[in-house]
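Enquirer:
Laid out in structure tokens, this is it:
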């Protein structure tokens, strides 16, 4: 007889499975009869059927969906004498509408009729088998769910997803058929790409019911790593180790003891936090250490704050690391904590505060040459990130990188950054010169054009230019006659000043 705990666990799993995605994307299937598949894919709806379907779909796609109106149209369509392809398509759409109206039995009936008609393309029929299996599972008709899902998988194993195998496993497990549930549960976990907890819970339950202690212990180790916030997993892991007769390592022993409330002394709690750091689970270690500090079990001294800041930083919780380091750094007579604070600010893209903290680290001293060189690199990168678009921003970054050149460990990177900044400056200078030359050429063409226009106008001819253009040209030529050149006009426009005559100008000889 299955235990109450197992029944409760299974009920929880089924409640999550009932919310699985109803209509999953389907890839093209491989069928033996390619000719038949091609024929099926080339089928088309009758024009009248298509028009009525569009009307129904328009209702279904309204915001909010008008599913009742859509269903009314689809019901009328089903009553007509339709060709097999048209009827199957209408039933397929009606099944989706019925599902949206919580009419699961009706949706199942429609899908079952489609499968009996057997005229849709094979890939659509196979997707319908998956849909039917999901509906039967939600309706707690587990044998039918198993049957249709197995047919779906058999038709195209490569397309089967983790949730498809999970439905089979859960359907068997609900009926206490744990041996039959084992392989599909393993297949579900193998295909899981999102670390969904329910797949692990299902296999854990099956291993427990089948007394597969060694396999369950290995699974629980993974579950503890992936879901460290689940307190129950730690207790289960401890029990699994004991059942399998395996000697627990230091981390597992400390963790199980801590969870049981046996460890309350500071040295062992600190050791456990360090284990979390070493085993790539810094977030849990930081949570635990901070909780124990708040409870007064662990002192809030410099060394413990330093460890806590390292844990939060390793967990990429920069805000929390910054908070702790801001408290701890002034307590130290060295610059190492200000250095960490600066790194956290930079990682959090708070560059101005990062520069301030990094400079404080240099002032406090006590750092290795390597750390000092890295600090100058970080300051340079922060300046560059703050304002790389202006000459001043680049200059600030370049000066910091130049200071990093004094340190052998930082010099190669500093040289690359400096070369990069210099290349930007040179590129902008050359681009500016190209743009200036182009502007001068455009201005000279305008002068030539205006001179031609005014010559024609003054001779009483028609230049084709508007009065406004003529007025603009007279203003421009007045400046030219006063000594302005194309280059001085462009320079004045760039500087926002009046044009400067382009040198000594000789008067044109009197035409008379």
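In mature numbering (1 follows the signal peptide of the UniProt record, and there is no 0), the protein residues as written are -20 to -1, 1 to 492. Even for Gly, the Cβ is constructed at its ideal location relative to N, Cα and C.
(1) Could you check the C-alpha separation between residue 128 and residue 114 for me, to the nearest Å?
(2) CB-CB under 6 Å to residue 470, same chain, minus the five flanking residues each way: which ones, in chain order?
(3) From residue 216 to residue 276, what does the alpha carbon distance come to, in whole angstroms?
(4) Put residue 477 into one of helix, strand or coil per three-state DSSP.
(5) Could you pull out every residue in the same chain whose Cβ sits closer than 6 Å to the Cβ of residue 280, ignoring the five residues on either side in sequence?
(6) Where residue 437 and residue 443 are concerned, what is the direct C-alpha to C-alpha distance, given to the nearest angstrom?
(7) Considering only their Cβ atoms, is the gap separating residue 298 from residue 328 smaller than 8 Å?
(8) By the three-class DSSP mapping on this structure, what secondary structure does residue 420 have?
(9) So which of 289, 333 and 98 has the shortest CA-CA distance to residue 317?
(10) According to DSSP, is residue 11 part of a helix, a strand, or is it coil?
(11) At which residue ranges does the stretch 323 to 401 contain complete alpha helix (DSSP H) runs of 4 or more residues, listed in the order of the chain?
(12) Pick out whichever of 27, 118 and 416 has its Cα sitting closest to the Cα of residue 84.
(13) With burial defined as no fewer than 16 other Cβ atoms inside 10 Å of the residue's Cβ, what is the status of residue 68: buried or exposed?
(14) Quick check: what's the CA-CA separation for residue 477 versus residue 459?
(15) Could you pull out every residue in the same chain whose Cβ sits closer than 7 Å to the Cβ of residue 401, ignoring the five residues on either side in sequence?
(16) Quick check: the Cα distance between residue 234 and residue 403, rounded to an integer number of angstroms?
(17) When you compare the CB of residue 347 with every CB in chain D, is at least one pair closer than 8 Å?
(18) Using only the alpha-carbon positions, how far apart do residue 55 and residue 89 sit?
(19) Quick check: what's the CA-CA separation for residue 250 versus residue 135?
(20) Could you check whether residue 146 and residue 182 sit closer than 8 Å to each other, using their CB atoms as the reference points?
(21) On a CA-only basis, which of 473, 101, 121 and 91 is nearest residue 111? Give me that one, please.
(22) May I ask which residues mark the beginning and end of the alpha helix (DSSP H) holding residue 81?
(23) What are the start and end residues of the alpha helix (DSSP H) that includes residue 192?
(24) Name the two residues that bound the continuous alpha helix (DSSP H) containing residue 265.
(25) When burial is assigned at 16 or more other CB atoms within 10 Å of the CB, is residue 417 buried or exposed?
(26) Looking only at its own chain, which residues have a Cβ that is under 7 Å from the Cβ of residue 262, when we skip the five neighbours before and after it?
(27) Go through its chain and collect everything with a Cβ distance to residue 312's Cβ below 7 Å, but skip five positions before and after it.
(28) Taking the alpha helix (DSSP H) that residue 156 belongs to, which residues open and close that run?
(29) Apart from the five residues just before and just after residue 309, which ones in its own chain have a Cβ nearer than 7 Å to its Cβ?
(30) Pick out whichever of 425, 465, 467 and 453 has its Cα sitting closest to the Cα of residue 434.
(31) Rounding to the nearest angstrom, what Cα-Cα distance links residue 543 and residue 405 in this structure?
(32) Here's a check: name, in chain order, each residue in its chain whose Cβ is nearer than 8 Å to the Cβ of residue 355, leaving out the five neighbours to either side.
(33) So, helix, strand or coil for residue 102, using DSSP?
(34) Assuming residue 173 and residue 148 are in contact, meaning their beta carbons sit under 8 Å apart, how far apart are those beta carbons, in whole angstroms?
Expert: To lay it out plainly:
(1) Numbered from 1 along the chain shown, position 148 holds the residue referred to as residue 128. Numbered from 1 along the chain shown, position 134 holds the residue referred to as residue 114. Cα to Cα, the separation comes out at about 9 Å.
(2) As a working mapping, residue 470 is identified with position 490 in the chain shown. Result list for residue 470: 419, 420 and 423, in chain order.
(3) Numbered from 1 along the chain shown, position 236 holds the residue referred to as residue 216. Numbered from 1 along the chain shown, position 296 holds the residue referred to as residue 276. C-alpha separation (whole angstroms): 29 Å.
(4) By one-based count along the chain shown, residue 477 stands at place 497. It is coil, neither helix nor strand.
(5) For the purposes of this step, residue 280 is taken as residue 300 along the chain shown, with counting starting at 1. Within the same chain, residue 280 has close Cβ partners 273.
(6) Working through the chain shown from its first residue, we reach residue 437 at position 457. Working through the chain shown from its first residue, we reach residue 443 at position 463. Roughly 6 Å between the two C-alpha positions.
(7) Taking the first residue of the chain shown as 1, we reach residue 328 at position 348. Taking the first residue of the chain shown as 1, we reach residue 298 at position 318. Yes, the pair counts as a contact, with Cβ atoms nearer than the cut-off.
(8) Against the chain shown, residue 420 aligns to sequence position 440. Residue 420 falls in the helix class under three-state DSSP.
(9) In the chain shown, residue 317 corresponds to position 337, counting from 1. Residue 289 is the option with its Cα nearest to residue 317.
(10) Position 31 of the chain shown holds residue 11. Residue confidence for residue 11 is low, a pLDDT of 41 falling below 50, so the modelled location carries little weight and cannot support an answer.
(11) 331 to 344, 349 to 367 and 371 to 384
(12) Counting from one through the chain shown, the residue named residue 84 turns up at place 104. Residue 84 has its Cα closest to that of 118, out of 27, 118 and 416.
(13) Sequence index remark: in the chain shown, residue 68 carries index 88 (1-based). Buried: at least 16 other Cβ atoms inside 10 Å.
(14) Locating residue 477 in the chain shown gives position 497, counting from the first residue. Locating residue 459 in the chain shown gives position 479, counting from the first residue. So the two alpha carbons sit approximately 13 Å from each other.
(15) The count along the chain shown starts at 1 and reaches residue 401 at position 421. Same-chain partners within the cutoff: 374, 377 and 378.
(16) Your numbering for residue 234 matches position 254 in the chain shown. Your numbering for residue 403 matches position 423 in the chain shown. Using only the alpha carbons, I get a separation of about 56 Å.
(17) Although the question refers to chain D, the structure presented lacks it and comprises just one protein chain.
(18) Residue mapping note: residue 55 aligns to position 75 of the chain shown, counting from 1. Residue mapping note: residue 89 aligns to position 109 of the chain shown, counting from 1. Straight-line Cα distance between these residues: approximately 13 Å.
(19) Taking the chain shown and counting its residues from 1, the one referred to as residue 250 is at position 270. Taking the chain shown and counting its residues from 1, the one referred to as residue 135 is at position 155. About 55 Å.
(20) The sequence position of residue 182 within the chain shown is 202, counting from 1. The sequence position of residue 146 within the chain shown is 166, counting from 1. It is a contact, given that the beta carbons lie within the stated cut-off.
(21) Taking the first residue of the chain shown as position 1, residue 111 is located at position 131. Checked all of 473, 101, 121 and 91; the closest Cα to residue 111 is 91.
(22) For this step, residue 81 is matched to residue 101 along the chain shown. Taken as a continuous stretch (DSSP letters only), residue 81 belongs to no alpha helix (DSSP H), as it is neither H nor E.
(23) Position 212 of the chain shown holds residue 192. No alpha helix (DSSP H) holds residue 192; DSSP gives it neither H nor E.
(24) As a working mapping, residue 265 is identified with position 285 in the chain shown. 262 to 275 is the span of the alpha helix (DSSP H), which, as asked, contains residue 265.
(25) Numbered from its first residue, the chain shown carries residue 417 at position 437. It counts as exposed.
(26) Residue mapping note: residue 262 aligns to position 282 of the chain shown, counting from 1. So the list reads 256, 291, 294 and 295, once near-sequence residues are dropped.
(27) Position 332 of the chain shown holds residue 312. Excluding positions up to five away in sequence, the list reads 282.
(28) As a position in the chain shown, residue 156 is number 176, starting the count at 1. First-last for residue 156: undefined, no H or E at that position.
(29) Within the chain shown, residue 309 is the residue found at index 329, counting from 1. Answer for residue 309: 317, 318 and 321, listed in chain order.
(30) Here the question's residue 434 lines up with position 454 in the chain shown. Of 425, 465, 467 and 453, the residue nearest in Cα terms is 453.
(31) Look at the range of the chain in this structure, -20 to 492, and you will see that residue 543 is not part of it.
(32) Here residue 355 refers to the residue found at position 375 when the chain shown is read from its first residue. Excluding positions up to five away in sequence, the list reads 319, 322, 338, 341, 342 and 347.
(33) One-based indexing of the chain shown puts residue 102 at position 122. The answer is helix: DSSP assigns residue 102 an H, G or I state.
(34) To locate residue 173, count along the chain shown from 1; it is residue 193. To locate residue 148, count along the chain shown from 1; it is residue 168. The pair is not a contact, with the Cβ atoms about 19 Å apart (cut-off 8 Å).
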